[in-house]
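**Q** One structure follows; several queries about it will come next.
Number of protein chains: 2
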Amino acid sequence: MQKDRIHGGNVYKAAKELNVSPNEILDFSANINPLGFPHAVEKIILEHIKDIAYYPDTEQNELREAAASYYGTKPSCIMPGNGSVELINIVFEAIEPKEVIIPSPTFLEYARICKNRRLKTRLLDLTANNFILDTELFNRIKNTISPNSLFIVCNPNNPTGIIAKKSDLTVTLEELKTRNSYLMIDEAFMDFVEENESMVDFIEQYDNLIILKSVTKFFAIPGLRLGFVLTNPELMRTFYNLKDPWNINTFAGFVGTEIFKDEKYIQDTRSYISREKKRLWKNISKIPNLEPVFPEANFIFAKTIGKIKVTALAEKLKQKKILIRSCSNYDFLNENFFRIAVKKSEENDILISALNEILCINTKKEDNL
Amino acid sequence: MQKDRIHGGNVYKAAKELNVSPNEILDFSANINPLGFPHAVEKIILEHIKDIAYYPDTEQNELREAAASYYGTKPSCIMPGNGSVELINIVFEAIEPKEVIIPSPTFLEYARICKNRRLKTRLLDLTANNFILDTELFNRIKNTISPNSLFIVCNPNNPTGIIAKKSDLTVTLEELKTRNSYLMIDEAFMDFVEENESMVDFIEQYDNLIILKSVTKFFAIPGLRLGFVLTNPELMRTFYNLKDPWNINTFAGFVGTEIFKDEKYIQDTRSYISREKKRLWKNISKIPNLEPVFPEANFIFAKTIGKIKVTALAEKLKQKKILIRSCSNYDFLNENFFRIAVKKSEENDILISALNEILCINTKKEDNL
Chain A
1 MQKDRIHGGN VYKAAKELNV SPNEILDFSA NINPLGFPHA VEKIILEHIK
51 DIAYYPDTEQ NELREAAASY YGTKPSCIMP GNGSVELINI VFEAIEPKEV
101 IIPSPTFLEY ARICKNRRLK TRLLDLTANN FILDTELFNR IKNTISPNSL
151 FIVCNPNNPT GIIAKKSDLT VTLEELKTRN SYLMIDEAFM DFVEENESMV
201 DFIEQYDNLI ILKSVTKFFA IPGLRLGFVL TNPELMRTFY NLKDPWNINT
251 FAGFVGTEIF KDEKYIQDTR SYISREKKRL WKNISKIPNL EPVFPEANFI
301 FAKTIGKIKV TALAEKLKQK KILIRSCSNY DFLNENFFRI AVKKSEENDI
351 LISALNEILC INTKKEDNL
Chain B
1001 MQKDRIHGGN VYKAAKELNV SPNEILDFSA NINPLGFPHA VEKIILEHIK
1051 DIAYYPDTEQ NELREAAASY YGTKPSCIMP GNGSVELINI VFEAIEPKEV
1101 IIPSPTFLEY ARICKNRRLK TRLLDLTANN FILDTELFNR IKNTISPNSL
1151 FIVCNPNNPT GIIAKKSDLT VTLEELKTRN SYLMIDEAFM DFVEENESMV
1201 DFIEQYDNLI ILKSVTKFFA IPGLRLGFVL TNPELMRTFY NLKDPWNINT
1251 FAGFVGTEIF KDEKYIQDTR SYISREKKRL WKNISKIPNL EPVFPEANFI
1301 FAKTIGKIKV TALAEKLKQK KILIRSCSNY DFLNENFFRI AVKKSEENDI
1351 LISALNEILC INTKKEDNL
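See the structure below:
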């Protein structure tokens, strides 16, 4: 398989390899809300099974209204997609960027889609800046940006979990505007962040701002496929003209229309993640030879020290039916980085024990994994 | 709404307009198997609700094996998609055709996607040839085809229900091959056809042949979204590199893997459609001022004679909660054409009565609808 086609979260493949059922696997490689999807989801699916004999609604007005209200924008500024990959393709097709600039490591699909579309692409190395995306980094390259470029920021960034600040992004947005260029911010994990740095409020003010949202992660329904793109109403009309009329399946449409109303679930998730990510981070910090980055979202990015190779570590964990996301196929990263999701406390404890067992024994024995 | 964005099958929109529930509407505008989806579908969905908390399987090996066996090809020659629009985009992206030639009227999405991708497009008028696509029509234009062109045939054609013969298509395929050009055949409705004219057997022999298949229509699951593209293994690798890793939702994956095994359902559907399409066609033929084309698939294309305008006819039927597909937004067609699906006998009888009532009264009274 090509390097840029490897992602976390393939429990089916791992289950087959280990000859177990997918639900026996502890999957820390996909960053999904550990509380599971809201109770209402099952009921909505049961109510609408008969409806799969109809084509999905092409207009999805109720879904757009519900999502617009949740994300804090207008229905005319939002469009649903069958996950973010479809939406990124539409954005690229609409604006035909001259160059795409991608601070990396980040979600691999941006660069892969650029390659598919034969777009000129520039990756900015974040490793030298401790993975932090700030105006200083942007200022260093701003004079090299040609008109109709697209700058992509994943915020908080996947896999690092580091957040770019609204104040910095606003400056970037302004600078890009003067260069007739666009800023696309992928806020797939923003719902998990305590101090909201979402740029949705600027959608109508800046016609060069595009935002991606994911329902998949926070509401724990990756199998249903649902994401959104937000932009100003004029560019949005172009997006709509490019859209597959039936991109949203029937269940995603009905579930998406109801899911944002569950305020208790949303609050419970936020407070659980806020508490548990700190506990998990603290416990990982104590493990010899591991250096975790403090997480802004629901996952932890960690570095291994010395000769510990993540491929070997991941393989040992897999034998214990635990999946982590090796980050060695991300740009600018090597065999020393991995990412884990914040899961249920008892699951996180199993991971911590397993990591301690593997790393302590091995570092003592041979310091070579 | 733009002309090329209007399709049949939007029961949700009609239900809202009429202020009734979608299931009170008799939808003849979407060509879906009237027997409903196979019994197993509901059970499979119930069994896999918990699985939507995982990402869908990116490899879908079981699904590909099941579909390959059903369509009569190898797993290395088939790839699933979230409906045909996604797959057409991938085909266009992979081969970057110099020109796309589309015998029309036909499924509007081909030309719309060409427009979106700014591809040079040529529509061939089928009306002069009684909607028949044969070698004679192709021969007339073959010398004007430049290298790396793409010729698209919907077979049987939507909305006309007319089939192109395998013998004719083989000649076309050969001719296109000598011109280094491609033939894409959309066999979305081929499963309903009695005398199979599918070109799947030629997939490995001709490296310029691409076939689309739809699970949506025959198995009555348009809301789940599932289609396939078939081609030779080499071109297929390019398609895979262009594919969204998670394009297939969890339910579509599991349902698709099981659905092809229901041989009784498949046989029952074929014999029912074969019988009922003839009866419906015969009854429509008897209605004054209507000229239906004999259907090869599960829908009937009909012409109105004289001053009967289809928009007015469709509106009168809608007031009776019956939807038909006006074909006036298809290329080369005017206000005298419509399409109806073959539905359950009792539903077809309601349509026939309604048509008789509207057309007989009106033609007598004023001969102007």
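As they're listed, the protein sequences go chains A and B.
Using the working numbering, the first residue of the first sequence is number 1, and each one after it goes up by one.
Using the working numbering, the first residue of the second sequence is number 1001, and each one after it goes up by one.
C-beta: ideal position from N, C-alpha, C; glycine also.
Do we get a CB-CB distance below 9 Å when we pair A:Thr-58 with the residues of chain B?
**A** Judged by the 9 Å Cβ criterion, A:Thr-58 is in contact with chain B.
**Q** Taking contact to mean 3 or more Cβ pairs, one atom from each stretch, closer than 8 Å, check whether the segment 247–254 of chain A and the segment 1248–1256 of chain B are in contact.
**A** They touch, by the three-pair rule.
**Q** Which whole-angstrom value is the C-beta distance of B:Ser-1084 and B:Gly-1223, which I expect to be below 8 Å?
**A** With a Cβ gap of about 15 Å, B:Ser-1084 and B:Gly-1223 do not count as contacting.
**Q** Is the Cβ-Cβ distance between B:Asn-1289 and B:Thr-1311 less than 9 Å?
**A** No, these two residues do not count as a Cβ contact at 9 Å.
**Q** Got a sec: is the Cβ-Cβ distance from B:His-1007 to anything in chain A below 9 Å?
**A** It does: the Cβ of B:His-1007 has a partner Cβ on chain A nearer than 9 Å.
**Q** Taking C-alpha atoms, which residue in B:Ile-1152, B:Val-1293, B:Val-1255 lies nearest to B:Ala-1066?
**A** Answer by Cα proximity: B:Val-1255.
**Q** Grab the span of the alpha helix (DSSP H) containing A:Glu-204 for me, first residue to last.
**A** Per DSSP, A:Glu-204 belongs to no alpha helix (DSSP H) and is neither H nor E.
**Q** Taking CB distances under 9 Å as the criterion, tell me whether A:Thr-250 reaches chain B.
**A** With 9 Å as the cut-off, A:Thr-250 counts as an interface residue toward chain B.
**Q** Check whether the Cβ atoms of B:Asn-1033 and B:Phe-1219 sit closer than 9 Å, and answer yes or no.
**A** Yes, they are a contact pair.
**Q** Taking buried to mean at least 16 other C-beta atoms within 10 Å of its own C-beta, is B:Ser-1214 buried or exposed?
**A** The residue in question, B:Ser-1214, is buried, as its Cβ has 16 or more Cβ neighbours within 10 Å.
**Q** Buried or exposed: where does A:Asp-373 fall if 16 or more other Cβ atoms within 10 Å of its Cβ makes it buried?
**A** Residue 373 of chain A lies beyond the range of chain A shown here (1 to 369); nothing can be said about it.
**Q** Let me confirm a value: B:Glu-1263 is counted as buried when at least 16 other C-beta atoms fall within 10 Å, else exposed. Which label applies?
**A** Answer is exposed; the Cβ neighbour count stays below 16.
**Q** Considering A:Leu-137, what are the terminal residues of the alpha helix (DSSP H) in which it resides?
**A** A:Leu-137 -> alpha helix (DSSP H) spans 135–141.
**Q** Do you know offhand how far A:Ala-40's Cα is from A:Leu-137's?
**A** So the alpha carbons of these two residues sit roughly 44 Å apart.
**Q** Could you tell me which of B:Ser-1353, B:Lys-1320, B:Met-1199 sits nearest to B:Leu-1026, measuring between CA atoms?
**A** Of the listed residues, the one whose Cα sits closest to B:Leu-1026 is B:Lys-1320.
**Q** What does a CB cutoff of less than 6 Å around A:Ala-14 pick up in its chain, not counting 5 residues either side in sequence?
**A** Excluding residues within five positions, the ones whose Cβ falls inside 6 Å are Ile-25, Leu-323.
**Q** Quick one: does A:Pro-22 have its CB under 9 Å from some CB of chain B?
**A** Taking Cβ atoms only, chain B reaches closer than 9 Å to A:Pro-22, which makes this a yes.
**Q** Are the C-beta atoms of A:Leu-317 and some chain B residue less than 9 Å apart?
**A** No, A:Leu-317 does not count as interfacial toward chain B.
**Q** Could I get the ranges of all uninterrupted beta strand (DSSP E) runs contained in the segment 1257–1329 of chain B, with 3 residues as the minimum, in chain order?
**A** Complete beta strand (DSSP E) runs here, min 3: 1290–1292, 1299–1304.
**Q** Decide if A:Phe-192 is buried, meaning its Cβ has at least 16 other Cβ atoms within 10 Å, or exposed.
**A** With 16 or more other Cβ atoms within 10 Å, it is buried.
**Q** Answer yes or no: do B:Ser-1146 and B:Leu-1176 have a C-beta to C-beta separation smaller than 9 Å?
**A** Not closer than 9 Å, so no.
**Q** Using a Cβ-Cβ distance under 9 Å, would A:Gly-256 count as near chain B?
**A** False, the Cβ-Cβ gap to chain B never drops below 9 Å.
**Q** State yes or no: is the beta carbon of A:Lys-13 nearer than 9 Å to at least one beta carbon in chain B?
**A** At least one chain B Cβ lies under 9 Å of A:Lys-13.
**Q** Does the beta-carbon of B:Val-1293, which I'm using as the reference point, lie nearer than 8 Å to any heavy atom of the ligand MG?
**A** Absence of the ligand MG is noted for the structure shown, with no ligands found whatsoever.
**Q** Enumerate in chain order the residues of its own chain whose CB-to-CB distance from B:Cys-1114 is below 6 Å, with the five nearest sequence positions on each side excluded.
**A** Once the five neighbours on either side are set aside, the close Cβ partners of B:Cys-1114 are Val-1100, Thr-1121.
**Q** Can you find a C-beta in chain B that's less than 9 Å from the C-beta of A:Ala-188?
**A** Answer no: the Cβ-Cβ gap between A:Ala-188 and chain B never drops below 9 Å.
**Q** Given this structure, state the Cα-to-Cα distance separating A:Leu-169 from A:Val-200, to the nearest angstrom.
**A** Each residue's alpha carbon lies about 12 Å from the other.
**Q** Along the chain, where does the alpha helix (DSSP H) containing B:Glu-1174 start, and where does it finish?
**A** B:Glu-1174 -> alpha helix (DSSP H) spans 1166–1178.
**Q** Looking at the strands, I want to know which residues DSSP matches up with B:Phe-1151.
**A** DSSP output for B:Phe-1151 lists B:Ile-1101, B:Leu-1183 as bridge partner(s).
**Q** According to DSSP, is B:Arg-1339 helix, strand or coil?
**A** Strand at B:Arg-1339.
**Q** By alpha-carbon positions, which one of A:Ser-328, A:Leu-359, A:Leu-355 ends up nearest to A:Phe-107?
**A** With distances taken between Cα atoms, A:Phe-107 lies closest to A:Ser-328.
**Q** Note down, in chain order, all residues in the segment 1217–1235 of chain B with a beta-carbon under 8 Å from any beta-carbon belonging to chain A.
**A** So the close ones are Ala-1220, Ile-1221, Pro-1222, Gly-1223, Leu-1224, Arg-1225.
**Q** First and last residue of the alpha helix (DSSP H) that includes B:Leu-1235?
**A** Per DSSP, B:Leu-1235 belongs to the alpha helix (DSSP H) from 1233–1242.
**Q** Exposed or buried, which one is B:Ile-1095 when buried takes at least 16 other CB atoms within 10 Å?
**A** Its Cβ being crowded by 16 or more others within 10 Å, B:Ile-1095 is buried.
**Q** For B:Ile-1163, tell me which candidate among B:Arg-1325, B:Lys-1343, B:Asn-1298 has the shortest Cα-Cα distance.
**A** Closest option to B:Ile-1163, Cα to Cα, is B:Asn-1298.
**Q** Given a cut-off of 9 Å on the beta-carbon distance, is the pair A:Leu-119 and A:Phe-92 in contact?
**A** Yes, these two residues count as a Cβ contact at 9 Å.
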